[in-house]
Structure formats: C-alpha cells, structure tokens
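Heads up, the thing below is written out as structure tokens.
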Amino acid sequence: MNKVIVKKEKEQKILNFYPNLYKDEVKEIMGEIKNGDIVDVCNKEMMFLGRGYVTENTSALVRILTTKDEKIDKKFIFDRIKNAFEKRKKLLEKTNCVRVFYSEADYIPGLIIDKFDKYVSIQFRNSGVETFRDEIINAVKKYLKPKGIYERSDLENRVIEGVSEKTGVLYGEIPQKITMIDNNIKYVVDIIDGQKTGFFLDQRDSRKFISQYINKNTEFLDVFSSSGGFSMLALKNGAKNVVAIDKNTHALELCHENYKLNEIESDFPNSNFSTIEGDAFSMLETLAGRTAKFDIITLDPPSLIKKKSDIYKGRDFFMDLCDKSFKLLKDGGILGVITCAYHISLQDLIEVTRMAASKNNKLLKVIGVNYQPEDHPWILHVPETLYLKALWVKIEER
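Heads up, the working numbering is the position in the sequence shown plus 5, with the first residue counted as 1.
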C-alpha cells in the first residue's frame, strides 16, 4: 500500500483523530497516488498513524477513515453505516426523518445520508467516498430498507474534486413529494428538486426551542424561510399572523403545500399566513415602512461563508440583517439569529447582534442558545462538525 508521510509537527493532530491531512502537512509521498486510492498515513519512522482515501484535487490530500490498522473494504463500509443507523434508532421512534449519516462525525468523510419516511436522500461529497458508491448503496438497502434511494450530489465542490455533479434515482422509485413528521408537524419533502437533500433537518432543536414562546397573539416573521420549517411551527402553535420570506419560488410553493397539509385553515381559522418572494434585505426594508411589527423574527440564511477569509464579510452580513430586524420587532420581541456556516462562531453572532442592538438603542437578554440536533453529531476533535449555532435574544424594557 502506498504511504503518505506526515511532517513531525503534525503527527499528534492525526493521533487526536482529526480526519483531514492537508497537502502542506505532508513530508513525502511514497508511490504514485490518485483520487480514491486508499493510503496509509505514517510518520517518518514509518509508524502507522491512520488510513484513508486520497482527494488530491483539494487542500486535504487524505481524508482519514480510521486510525486502526484495519482493511477498508465492504465490511468496513457496512459496519460504519450500520453503527450510525443504530445510533439513530431511538430518534426514529419519535420522527420519521433523520440524518442517518453525517460525514466526518460518523467516520466516512464526505458521506451524507438522510432518511425521509421510507425514502433516502444521499450525497457523495468528495472523490474518495465516490470510490465506495456501490458498497454504500448496498449498505443503505440492507440496513435502512428504503423503498427508494435518490442521489443529490449536485455540489460545486465535486467538480473541484474531479468528479461530476450527479442526481438521480439509485434504487427503487422516488415520489416527487414525501411527507415527513417533525415535532408533530407534517412537511412536504421534495427530494428531487428541493434545497440540499430535501429538507433542513438540522433545525429540529431550533424549532422546538422557539415553540414555547408562540401563542395565539404572536406575529411571526420567518426570514429565509425555505419550505416553511419555522412558519409551520408558528402556525401549528396558533400564531395570529405568520409571514415567510424567501427568494426561491419553489420553496414558497412548498410553504403553501405545508399549510394545506397541516389543515391550518380549519384548525386555526384566526391565523393568517402569507409569503413574500424576494431578497431578504430588500423585503425587510419594505416591511419597515409598515406600522405593524412582529413578536418573533427568525433569521436563518444559507451558508454563504465558505472560507475563513470571508468571516468579516459574514459578520457584516449578519450585522445588517440584525439591524433591519430590530426595526421590525416589538418591545419585548424575540430575535433568532442562526448560522449554518462553520466559520461564523457563536461569539461572532453574539457580537454582531449586540452591536446591531446598540445601534437601535435596544437592550437584549439572551434567552437561549442551541446547536444542531443529535443526528448531526458534534465531534470535539473535529471542529468542522459543529456548524449550526442559534442565538435567541429578547428585547428588554429598561
């Protein structure tokens, strides 16, 4: 087996279970390697440190799969997927939608598997995991027993990795729309044309948290609503008025389908629901011109911050969002500021929210902080596995 020799000062990082070996951390490559090859990572004394696959077109030359001297084969892949599924079984007693496999946090970097009822959406995010495509599909069929598997590997980084974007049915049949249940609310999932793998499962805990503050008098603004995760939660908890903003036409169509699916008009005849299609910043400015304000606003933008050098741009982005939102909040109102960008920290959210509040002469109390839910595990040794941070603040009277 070909070997990649790590620089001495980077040995401990591998021993500490960090899965990415970057090109500038490599001392020597012994043998010829190409994308997808399994290689051993060793120190200069040839002591084994780990084993993984090559992703030579990116800054991470090797994605480490194991620090044990074990064979990377069909059994290895099957065991990894089986173990991940076993960890989610308890959660599946409460919901029919989970992230079954979360990349590095389940120890196959680049593999995402989401289960929506009896169907599975899957992403192969790099050239290394692509090598084990058949084994992964067969493992999913064996352990999850789905009616259908759909691939959503429509990711720009795959092209960088040297593999083309792919979508399509891998097994069985996939309906255009699937019904999932989360926090006792029904949602239409469009695996084929929906955003990401079909639905943002990682906001489960955020939705559960804010539900305690919603009542029949609540005016709720859902910014970057996607298919209406927060909107449906607010409506099912009896909110008086809910407005969803998103620039994606299809996402807003799904919002209205979810409204009908949950029979909100008959169950909550006094609740109003509307959607606004357009740029969030422009729409917030437009709404600021009206007299009515909101009790709760959620800000859940897409991950626009892809690299460390974008942090300041990201902070400015959130600062502007918070500034515009405070102009729309009632006294005593609640703002949820959420990021799914790894490079934006909780401290960043705290600072920009505080600065925007000061600009608007608002005093804030933190009422909650939450992260991604249990089916998106956070591995302490792999900082990148913590990406979702939600800060909840309430305007205080002085």
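All C-beta atoms, glycine included, are put in the ideal place defined by N, C-alpha and C.
Which of the three DSSP states is assigned to residue i in this structure?
i: Tyr218; result: coil
i: Ala144; result: helix
i: Glu178; result: coil
i: Ala249; result: strand
i: Phe278; result: strand
i: Arg68; result: strand
i: Met35; result: strand
i: Leu391; result: coil
i: Phe299; result: strand
i: Thr172; result: strand
i: Asp284; result: coil
i: Lys99; result: coil
i: Ala244; result: coil
i: Lys313; result: helix
i: Ser363; result: helix
i: Ser211; result: helix
i: Thr358; result: helix
i: Glu75; result: coil
i: Asp353; result: helix
i: Glu379; result: coil
i: Asp111; result: helix
i: Asp195; result: coil
i: Asp42; result: coil
State the start and end residues of the unbroken alpha helix (DSSP H) segment that holds residue i.
i: Cys260; result: Thr254 to Leu266
i: Val168; result: Taken as a continuous stretch (DSSP letters only), Val168 belongs to no alpha helix (DSSP H), as it is neither H nor E.
i: Ile384; result: Neither: Ile384 is in no alpha helix (DSSP H) and is coded neither H nor E.
i: Lys408; result: The requested residue 408 does not occur in the structure, where the chain is confined to residues 6 to 403.
i: Ala89; result: Lys79 to Arg93
i: Ile19; result: Glu16 to Leu20
i: Gly133; result: Ser132 to Glu135
i: Glu270; result: Ile269 to Asp272
Rounded to whole angstroms, how far is the Cβ of residue i from the Cβ of residue j, which I believe are closer than 8 Å?
i: Val228; j: Leu351; result: Val228 to Leu351, Cβ: 20 Å. No contact.
i: Leu96; j: Asp380; result: 6 Å
i: Asp122; j: Met185; result: 6 Å
i: Val145; j: Val174; result: Between Val174 and Val145 the Cβ distance is about 13 Å, and since that is not below 8 Å, they are no contact.
i: Asn267; j: Lys191; result: 5 Å
i: Asp300; j: Glu402; result: Not a contact, Cβ separation roughly 15 Å.
i: Glu109; j: Pro24; result: 5 Å
i: Val357; j: Phe331; result: No, Val357 and Phe331 are not in contact; Cβ-Cβ is about 12 Å, not under 8 Å.
i: Ser308; j: Ala346; result: 4 Å
Nearest to residue i by CA position, among the options, is which residue?
i: Thr60; options: Gly199, Pro388 and Arg163; result: Arg163
i: Gly203; options: Tyr27, Ile127, Ala239 and Pro24; result: Ile127
i: Ile302; options: Ala293, Ile310 and Asp42; result: Ala293
i: Lys241; options: Lys399, Ile269, Trp397 and Gly115; result: Ile269
i: Arg93; options: Pro378, Glu402 and Thr390; result: Pro378
i: Leu70; options: Gln208, Ser64 and Ile82; result: Ile82
i: Gly55; options: Lys18, Ile310 and Cys345; result: Lys18
i: Lys265; options: Ile281, Ser236, Met288 and Lys245; result: Ser236
i: Asn375; options: Tyr58, Asp207 and Asn143; result: Asp207
i: Val9; options: Glu30, Leu20 and Tyr317; result: Glu30
i: Thr280; options: Pro274, Phe273, Asp272 and Leu289; result: Leu289
i: Lys73; options: Leu160, Leu20 and Gly319; result: Leu20
i: Thr390; options: Ile77, Leu259 and Tyr107; result: Tyr107
i: Asn62; options: His255, Met6, Glu109 and Ile165; result: Ile165
i: Asp272; options: Cys260, Ala244 and Gly283; result: Ala244
i: Met35; options: Asn48, Tyr23 and Asn25; result: Asn48
i: Gly57; options: Asp325, Ile77, Met324 and Leu309; result: Ile77
i: Lys12; options: Lys28, Ile219 and Phe22; result: Lys28
i: Phe53; options: Ser64, Met6 and Glu37; result: Met6
From what residue to what residue does the beta strand (DSSP E) around residue i run?
i: Gly338; result: Leu334 to Thr344
i: Phe204; result: First-last for Phe204: undefined, no H or E at that position.
i: Met185; result: Ile183 to Asp187
i: Phe235; result: Unbroken run through Phe235 is the alpha helix (DSSP H), Gly234 to Lys241; no beta strand (DSSP E).
i: Tyr376; result: Leu368 to Tyr376
i: Leu56; result: Reading off the sequence, residue 56 comes out as Arg, not Leu. Where Arg56 is concerned, the enclosing beta strand (DSSP E) stretches over Phe53 to Val59.
i: Tyr155; result: Gly153 to Ser158
i: Tyr27; result: Asn25 to Tyr27
Would residue i count as contacting chain D if we go by Cβ distances under 8 Å?
i: Asn62; result: Here chain D cannot be found, since the structure has a single protein chain.
Tell me residue i's beta-bridge partners as DSSP assigns them.
i: Asp119; result: Arg104 and Ser126
i: Ile190; result: Asp187
i: Val228; result: Ile250 and Leu304
i: Gly294; result: Beta-bridge pairing links Gly294 to no other residue.
i: Cys47; result: Ile10 and Phe53
i: Leu396; result: Val342 and Val374
i: Glu401; result: Leu368
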